[in-house]
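Asks:
Residue numbers (this note's numbering): 88 to 502.
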């Protein structure tokens, strides 16, 4: 599949139906009966129904809350949060794993969005760093933990597996401290400071090992068939007469086999994101001519720009794939502030101001845009379907059908 047709094909068509008003005339009607409002009048005066979504976020006051948009209700799950750590949603999208700290301890918890419950997996005194990897098909979580040591090293810790109710067991690893991915073949990709291991989940038996001392920002494809990472080392620059950092983006198999460098240091590759099917990789790079940063897509054959360089005058960064992998949202860095944007039919459409980066997609036709004062769900026509006051940290947004919104009809979206 090439890199550009996927953002230009498959236009979305909506069939707009026209309702007919049938007026029944009867000689026996009472003159005191109030007139019935026409459908057009009712649609003009009635506010649009909120979309059937739930949002999990942390507030500036340190509370963890689950907000139901259809009911306009807030369910408080936890208090006393100081910082938010890693978080990841399961493949079923029913459970979200969350690491967070309180003033004196570190916690790992699971939030079940259907019954609005929080299950504590563990709490450890002091500072602990967590890493998370969900099973590709089941609501089962592998997580690593360690206490930070000197010079950024990984101190004491281990690898464990938790079920959706919070019950956890040790995998039995004596060296691995961080989990990177749960592969479809059942192996866990884990690492120490120096080595990447593929291990079994029953006894941590090693299936493969790779030198990981210069590997950073490791990103596995969803199907586990390959991974992308930043390779960092010092190289000698004759012009500068000294050693300078060299950060290249490398692709390889899950255990390090068949590695190849996709972009070298001159391109400054950043923010790599795999497509949902793992067949394409999007990231932003610096062009050869020192122009603005641009999003490129690699489909296994060659990288190509999402927006032709001749049409780009500002930075395009932080790519975000749509759920089906048909489109990419990204962030434009403009002189007067950042804008969320998406490429549709060969054109770039701006979706409004964004804080930091576009969060992601709610569906193939709506993008979640965290703005200066609110979180907005914007259509590809730049229309706001929903807005909610911006919390401190947005963790996830779930779309119906869910238990709290299953009975409510979904609101049609504009193309």
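Backbone N, C-alpha and C fix where the C-beta goes; we use that ideal spot for every residue, glycine too.
Hey, residue 360 and residue 339 are a contact pair by Cβ (cut 8 Å); roughly how many whole angstroms apart?
Replies: Not confirmed; about 17 Å, so no contact.
Asks: Inspect the CB distances between the stretch 320–332 and the stretch 367–378 and report whether three or more fall short of 8 Å.
Replies: no
Asks: Quick check: the Cα distance between residue 450 and residue 463, rounded to an integer number of angstroms?
Replies: 14 Å
Asks: In chain order, what residues of the same chain have a beta carbon less than 7 Å from the beta carbon of residue 173, not counting five sequence neighbours either side?
Replies: Only residues of its own chain outside the window of five on either side were considered, and among them 186, 217, 218, 219 have a CB closer than 7 Å to the CB of residue 173, listed in chain order.
Asks: How would you label residue 141, buried or exposed, when you count the other beta carbons within 10 angstroms and need 16 or more for buried?
Replies: Classification of residue 141: buried, given that the 10 Å Cβ count is 16 or more.
Asks: Taking residue 141 as part of the beta strand (DSSP E), name the residues at either end of that continuous run.
Replies: 140–145 is the extent of the beta strand (DSSP E) around residue 141.
Asks: Which runs of the beta strand (DSSP E) at least 3 residues long sit entirely within the stretch 357–411? Give them in chain order.
Replies: 357–361, 368–372, 381–385, 390–392, 402–408
Asks: Could you check what DSSP says for residue 167 in three-state terms: helix, strand or coil?
Replies: coil
Asks: For residue 194, is the classification buried or exposed, using 16 other Cβ atoms within 10 angstroms of its Cβ as the cut-off for buried?
Replies: It is buried - the Cβ of residue 194 has at least 16 other Cβ atoms within 10 Å.
Asks: Near residue 114, which residues of its chain fall below 8 Å by C-beta distance, leaving aside the five closest residues on each side in sequence?
Replies: At residue 114, the pLDDT of 39 sits below 50, so the modelled position is not reliable; the number obtained from the coordinates is stated separately. Same-chain partners within the cutoff: there are none.
Asks: Per DSSP, which residues does residue 329 bridge with? Please list them.
Replies: 324
Asks: Have a look at residue 476 and residue 166 and give me their C-alpha separation to the nearest angstrom.
Replies: 19 Å
Asks: Spatial neighbours of residue 396 within its chain, please: C-beta separation below 7 Å, excluding the five flanking residues on both sides.
Replies: 374, 378, 381
Asks: Taking the alpha-carbon of residue 469 as reference, which of 431, 259, 460 has the nearest alpha-carbon?
Replies: 431
Asks: Whose CA, out of 146, 224, 336, 249, lies closest to the CA of residue 209?
Replies: Minimum Cα distance to residue 209 is reached at 249.
Asks: Secondary structure at residue 239, three-state DSSP: helix, strand or coil?
Replies: helix
Asks: How many Å lie between residue 253 and residue 169 at the Cα?
Replies: Across the structure, residue 253 and residue 169 are spaced so that their CA atoms are roughly 22 Å apart.
Asks: Applying the criterion that 16 or more other CB atoms from any shown protein chain within 10 Å of the CB defines a buried residue, is residue 277 buried or exposed?
Replies: Residue 277 comes out buried.
Asks: Pick out whichever of 410, 364, 350 has its Cα sitting closest to the Cα of residue 383.
Replies: The option with the nearest alpha carbon to residue 383 is 350.
Asks: With the cut-off set at 8 Å, would you say residue 296 and residue 266 are in Cβ contact?
Replies: The beta carbons of residue 296 and residue 266 sit no closer together than 8 Å.
Asks: Specify, as a first and last residue, the run of the beta strand (DSSP E) that residue 457 falls within.
Replies: 453–457
Asks: As a quick exercise: from 413, 204, 163, 444, pick the residue whose alpha carbon is nearest that of residue 427.
Replies: 444
Asks: Relative to the C-alpha of residue 389, which candidate in 404, 367, 303 has its C-alpha closest?
Replies: 367
Asks: Taking 8 Å as the threshold (C-beta atoms), are residue 279 and residue 262 in contact?
Replies: yes
Asks: Based on Cα-Cα distance, which residue from 273, 415, 203, 362 lies nearest to residue 294?
Replies: 273
Asks: For residue 243, count neighbouring Cβ atoms within 10 angstroms of its own Cβ and tell me buried if that reaches 16, exposed if not.
Replies: exposed
Asks: Looking only at its own chain, which residues have a Cβ that is under 6 Å from the Cβ of residue 362, when we skip the five neighbours before and after it?
Replies: 408, 412
Asks: With DSSP as the reference, identify every bridge partner of residue 483, one or two as the case may be.
Replies: 143
Asks: Can you tell me which residues form a DSSP beta bridge with residue 272?
Replies: Answer is none; residue 272 lacks a bridge partner.
Asks: Output the distance between the C-alpha atoms of residue 257 and residue 215, rounded to the nearest integer angstrom.
Replies: Taking the CA atoms as reference points, residue 257 sits about 17 Å from residue 215.
Asks: What are the partner residues of residue 347, as DSSP defines its beta bridges?
Replies: 338
Asks: Among 452, 386, 143, 271, which has the Cα closest to the Cα of residue 178?
Replies: 271
Asks: Would you tell me roughly how many angstroms separate the C-alpha atoms of residue 337 and residue 222, rounded to the nearest one?
Replies: 25 Å
Asks: Rounded to the nearest angstrom, how far is the Cβ of residue 264 from that of residue 233, given a contact under 8 Å?
Replies: 4 Å
Asks: Taking just the CA atoms, how far does residue 144 sit from residue 483?
Replies: 7 Å
Asks: Could you give the C-beta distance for residue 414 and residue 402, rounded to a whole number, given that I count them as a contact under 8 Å?
Replies: With 8 Å as the limit, residue 414 and residue 402 do not qualify as a contact, their Cβ atoms being about 19 Å apart.
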